[in-house]
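In the working numbering, the protein residues as written are 107 to 251.
This is the structure we're talking about:
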């Protein structure tokens, strides 16, 4: 016969349980959430009619946690209240070469990444990268992570 005694009363939690709860809910926030995405940027991967994505939150921008080819949700650099869904195309250290010979190649610096919309029918956006204007097919932005 095993006799187990509780060391706390109903409604109480241990110090370890309290620490875990505070860490998970206050400092990290939700680790996964649902994000509704609508529009043509990620078609055909996500249809223009939209879809719900299950998103894994990453506490810090760490190249070991995200990989080229991953679909990511990021804050819109032009509107911080809006989020964009894009595909990670390159990270720090990648050399970026344009099809246009007039554009100089450049290397993404530490904490920079390059993201693309999947929809190849979209017109290229004009980008301001390292104080020079660049264009790239279906590219959205060169951003700091």
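The beta-carbon is built from N, C-alpha and C at its ideal position, and this holds for glycine as well. Note that this is a predicted model, so its numbers are computed, not measured.
Decide if the stretch 216 to 224 is in contact with the stretch 195 to 204; the criterion is three or more beta carbon pairs, one per stretch, under 8 Å apart. yes
Exposed or buried, which one is residue 147 when buried takes at least 16 other CB atoms within 10 Å? buried
Across which residues does DSSP place residue 59 in a beta bridge pair? A query on residue 59 cannot be resolved here, the shown segment of the chain reaching from 107 to 251 and no further.
How would you label residue 190, buried or exposed, when you count the other beta carbons within 10 angstroms and need 16 or more for buried? buried
Does at least one heavy atom of the ligand SAM sit under 7 Å from the Cβ of residue 146? This structure lacks the ligand SAM, and indeed carries no ligand of any kind.
Quick check on the DSSP output: the alpha helix (DSSP H) that includes residue 171 runs from which residue to which? Run containing residue 171: none; DSSP gives neither H nor E here.
Check the DSSP bridge columns for residue 143 and list the partner residues they point to. 157
Out of 210, 178, 206, which has the shortest C-alpha to C-alpha gap to residue 138? 178
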